[in-house]
Structures are given as structure tokens and as C-alpha cells.
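Chains as they are written, first to last, in the numbering used here: chain A, -8 to 318; chain B, 226 to 468.
Set out below in C-alpha cells:
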């Protein structure tokens, strides 16, 4: 029942739902950096939304399965093939016994998420199967995947069994997820932001630069966050702040003036001024920011962020109903 | 009390301005408020954390709306629920239950990387620094930085020492350190910019345990100095963990 990693590539790890309930102990929420995309990939593969899948970052990743599975992936512009046949993002496909799935890229974006029917069946640690790479627990042995790893898979859920039978000849389902969900990477994205607690502490020029200028992701971008290079953002007075909670999406500005956009593996608390927060529905695009990517920020208001989030949940519920009605 | 948004999926409840050195009664109030919010089981609240003078509620807005919260005016709805929950704070609750821990610390040899610097800055001997440190009553303000890392208030004023200008890329697990007016313990090997004065053989975090962290906010901590021989012998007998 295993998924054999024949090539792990640059960085691949078991990721799925976020880890909630342990922030008070200093444990990051983590999970797939595009939590929503992982949910989409899971339901495409016939899994529950919270099943664990794989997060792949750059390079060439290859795996095989011991018995037939439905696979679906979402993410940046990767070339994904099963036994040489190209599989577009957001399309459920059959991965037959002994066939190889290959993921190579990206030409745009940064990460991809792969759902395999049955889900990666690693133990739930502190409420999640996701790997905490920094702290070294969860997922597969608390670490990034290596060539030759054999990951346990759960049994195919009934929807996946059905799909496997119906895909025997076609190999790939005729339906797919909406493009914006399955391919969130954009050339130069605008990320929508809300003002942070310390917005008013920044010089007017810096506020303006933040919302109008271009920022480029620095080399040291990882699952914790992305350092951004661009206009230096200055506070009116450099006073020390008391540490308080930060969250994925928080844009904090250390004394040097270059902002850091925090992602899923960020620490639970931070003492740097919080200039802004990327809204939740745009975290999918934030998760596609690799070194060298350029981005811009655009301010929105909280009711709009909530409206967008609620709308997406409604759309997702409808999408799931649609999937359940396919033969 | 003031409530502000931390993005669209979290709210920060701010109780008071920071009191340097940590005010024990304020910490008790904060932890009691956190318990009250957790007891209230507000729809859409995933978890509630505390840090110094703030509580933070992490939210799933869609879940709250699905359970009856209004899409328009969602923040106001949460504010009302939080205010109602805080009506039932039991101020003595957290304090009465705060636990007392004895943390063993060895300040010999390479374990005490920065003890000479701390002693020099304070104009004290190494022994005097260790004596003051082990006589102090610390309290866990909150956990953070890495899983299980306790921020400890109660550091004697003479031992205040700014963080190192260049953080070390790799501090060993168990390092006991001073950062500004606080003390802390690195549970796992990690980068760190605080001044290391010793090392504890105790395990401060294990993902396999529940709760995973040895300490929690509100706990009282005292350090006890041990020798290198005692440190080395530590893992060979049943540890105090789990007591």
C-alpha cells in the first residue's frame, strides 16, 4: 500500500491540513502552504479535504504506487506526467500499478501539491499529519523526503475506487477544478493586504511605497517566510514593541526596513512592527513566491476580505457537490 | 481592553500597556481571560493564545458564518462574543493552578558560553551571577520562538544583558540564556541571539507527548545549579518529567 519516492527532488515533504491547538506551546500552524489548494487536490483525488499529500518545491520529483490510485495536483507551472502522459493541474488522473508519476519545474511559481487517493497515512502528531520541518516532527519521520522513502497510503476511499474504475480507459477525468484554484501562480501578482496594527507608525512615504512599489523576493525565502527587497520602509519612531502573535500572511518590518512576508511555518510570536497582512484567499498566490519573484501589494478592507473568503467557501461547497455527481 | 484584527482570520485582544519585568497579577488576569474565552467555545474560534499583554484568537471565519455569525459585521460579532466571555473571568483561577518547576542547570565549561561576558557586564563573578540566577523566582510569560521555548520574566536587574549583535547560527538544545530583561531555554538545537549561561539536561519539548511542552504560560520556575557529573548522570535515572 506504499508510495515509493524514486526521486525526492529539491524539497518535498508530507503536508496536509494545518496544525491548530498548539500555538500556545510555540508550535507553528504549518501544513500545506496553500491550504486551500491542498483541499482542492484532495477532493479531486476522492479524498477527504484534510488528507495529507505532498508539497513539492523545485526540481524533479518522481514516485510510484503499488496499486492503482487517483492523483491530482495543483500549484505552479510544473510539468507533471504519468507514464509519459501530461497531466494538467486540477485534473484527476489514474496512476496505475507500477507507473511512474513525474513532477518537474517550475517555469512559473514555486510549489506544487500532490494528492494521492487514500492520503499519506502517517500518524497524526499534535493534531496534524503535516511535517514541521523546522522542529523535526510530524509527516514522514519529521523530515523532508529522500530518494527511496516508502510512504504508507490509506485505502482508496469509495469515490476514488469509483473513479479508478471509470478512468481505466480514459486515464484522466474530463473535468477539472477552476483554473484560479489549480494554477495560482502569476507572473507578477498583486497580493491584497489589510493594514496591520502598526501601519500608522510608518512614514507616509513608506506607506505609499508599500502599496505602489514593486518588491522582489530575496534568496532566503522558505516555508517560514519570504524576505522582500524594494523600497526601505521607515517608521516615524524606532520604539521597541512587545512581542505578540503573528500569523501566516503577516508582513512585518525589521529595523533594516525590508519587509518579511510570513508563511505557514512562521513562529507563533513576533516583536517586529506589523505593517500589513495578506488576506487569506491570497495566501495561495503568496505560497507561489520563490526567490526572484516580483510582487505588488494592494490595500483592501476587512469586510471585503471576509466576503472573498466566504464566497470561496461557498464555491468550494458547490464544487464538491458537482464532483459527487460525476459518475 | 482593545480588540484589533490580525489579518482576516485572527483577532488580538489587548489588555494593558506592557509593564517591563512582567507584572504577575497582570499575567494571572490574562491567563484567566484566556480560560474564559476557551470555556465560551465561540463558534469559529480555533484556538486562543496569550503573549505578555495580549490574547489572540485564531479564527475560521467561514465556520463562524456557517454557525450563524453575520458575514457583514463579522468582527463586531466576535467582539460581542469576546466581551460576553470576559464577563465570566475567574481572576483567581489561573494563579491558583500555576505550577512550580525546578529546572536543573549546569554552568560549567562549554555549557556556559557567555557566562564570562554576563559576569563582566554585571561586574560580578561567575559564581555571583549563577547565585543570583538560581535565587530568582521566574515565571513563564509565554512560549514561542521555537516549540516549547519559555520566555521567563523575573530576571534580577543586575543580570540584564542585551542580545548578541550577531546571533549564533546553532545553539545546543537545553541552552539556558539571558536576552535583555528576560531569560529563556532553547528546547531544540536552533539559531539564537541570547547570552548562554548554562545548559539543562531536561527535555522541554517532545511532539510525542501531550502536552508537548514541559512548561506553559503562568508556570513558576526556579533554577538549580548542578555539576557536570550530575548533568552527565542525568539521563541514566528516571527523570522528573511526567511527574
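We put the CB at the ideal spot given by N, CA and C, even for glycine. As the structure is a prediction and not an experimental result, all values here were calculated from the model.
Taking Cβ to Cβ, would you say residue i is nearer than 9 Å to residue j?
i	j	result
residue 364 of chain B	residue 355 of chain B	no
residue 395 of chain B	residue 260 of chain A	no
residue 84 of chain A	residue 63 of chain A	yes
residue 100 of chain A	residue 170 of chain A	no
residue 255 of chain B	residue 275 of chain B	yes
residue 58 of chain A	residue 95 of chain A	no
residue 208 of chain A	residue 219 of chain A	yes
residue 263 of chain B	residue 13 of chain A	no
residue 447 of chain B	residue 312 of chain B	no
residue 282 of chain B	residue 238 of chain B	yes
residue -8 of chain A	residue 145 of chain A	yes
residue 37 of chain A	residue 5 of chain A	no
residue 107 of chain A	residue 73 of chain A	no
residue 138 of chain A	residue -1 of chain A	yes
Going by beta carbon distance, what residues of the same chain come within less than 7 Å of residue i, once the five residues before and after it are set aside?
i	result
residue 412 of chain B	371, 372, 373, 374, 398, 429 and 430
residue 173 of chain A	31, 65, 80, 81 and 167
residue 323 of chain B	443, 444 and 445
residue 232 of chain B	none
residue 244 of chain A	224, 250, 263, 264 and 266
Quick one: using the 10 Å Cβ neighbour count with 16 as the cut-off for buried, is residue i buried or exposed?
i	result
residue 76 of chain A	exposed
residue 316 of chain A	exposed
residue 7 of chain A	buried
residue 306 of chain B	buried
residue 116 of chain A	buried
residue 362 of chain B	exposed
residue 402 of chain B	buried
residue 98 of chain A	exposed
residue 191 of chain A	exposed
residue 186 of chain A	buried
residue 33 of chain A	buried
residue 290 of chain B	buried
residue 407 of chain B	buried
residue 230 of chain A	exposed
residue 297 of chain A	buried
residue 449 of chain B	exposed
residue 435 of chain B	exposed
residue 9 of chain A	buried
residue 265 of chain A	buried
residue 226 of chain B	exposed
residue 90 of chain A	buried
Measuring alpha carbon to alpha carbon, tell me which residue in the options is nearest residue i.
i	options	result
residue 103 of chain A	A:255, A:10, A:2 and A:121	A:2
residue 424 of chain B	B:407, B:340 and B:369	B:340
residue 181 of chain A	A:258, A:191 and A:276	A:276
residue 221 of chain A	A:237, A:232, A:248 and A:235	A:248
residue 312 of chain A	A:25, A:295, A:198 and A:150	A:150
residue 86 of chain A	A:138, A:161 and A:197	A:161
residue 158 of chain A	A:143, A:204 and A:60	A:60
residue -6 of chain A	A:54, A:28 and A:18	A:54
residue 111 of chain A	A:174, A:40 and A:175	A:40
residue 251 of chain A	A:230, A:235, A:216 and A:233	A:216
residue 261 of chain B	B:308, B:239 and B:286	B:308
residue 281 of chain A	A:272, A:68 and A:-4	A:68
residue 439 of chain B	A:-4, A:4 and A:16	A:16
residue 233 of chain A	B:405, B:444 and B:418	B:405
residue 22 of chain A	A:49, A:123, A:238 and A:108	A:123
residue 114 of chain A	A:143, A:227, A:147 and A:91	A:143
residue 250 of chain B	B:414, B:277 and B:369	B:277
residue 283 of chain A	A:130, A:206 and A:-1	A:206
residue 393 of chain B	B:286, B:410 and B:420	B:420
residue 359 of chain B	B:336, B:347 and B:331	B:331
residue 382 of chain B	B:328, B:346 and B:270	B:346
Going by beta carbon distance, what residues of the same chain come within less than 6 Å of residue i, once the five residues before and after it are set aside?
i	result
residue 269 of chain A	182, 184, 240 and 277
residue 459 of chain B	426
residue 204 of chain A	221 and 222
residue 333 of chain B	453
residue 268 of chain B	289 and 292
residue 467 of chain B	With a pLDDT of only 41 at residue 467 of chain B, under 50, the local geometry of the prediction cannot be trusted, and no value is derived from it.
residue 189 of chain A	264 and 265
residue 109 of chain A	144, 145, 146 and 147
residue 271 of chain A	300
Spatial neighbours of residue i within its chain, please: C-beta separation below 8 Å, excluding the five flanking residues on both sides.
i	result
residue 280 of chain B	237, 238, 240, 255, 258, 259, 262, 273 and 274
residue 367 of chain A	The structure shown does not extend to residue 367 of chain A, since chain A spans only -8 to 318, so no value can be given for it.
residue 257 of chain A	19, 215, 216, 237, 238, 239 and 241
Worksheet item: Considering only residues of the region -1 to 40 of chain A, which uninterrupted beta strand (DSSP E) runs meet the minimum length of 3 residues and lie entirely inside it, listed in chain order?
Response: 2 to 6
Worksheet entry | beta strand (DSSP E) runs wholly inside the region 284 to 344 of chain B, at least 3 long, in chain order | 325 to 331
Worksheet entry | 3 or more residues per run - each beta strand (DSSP E) lying fully within the region 245 to 282 of chain A | 251 to 253 and 265 to 269
Worksheet item: Which ranges does the alpha helix (DSSP H) cover as unbroken runs of at least 4 residues, wholly within the region 142 to 194 of chain A, from first to last along the chain?
Response: You should have 149 to 157 and 170 to 173.
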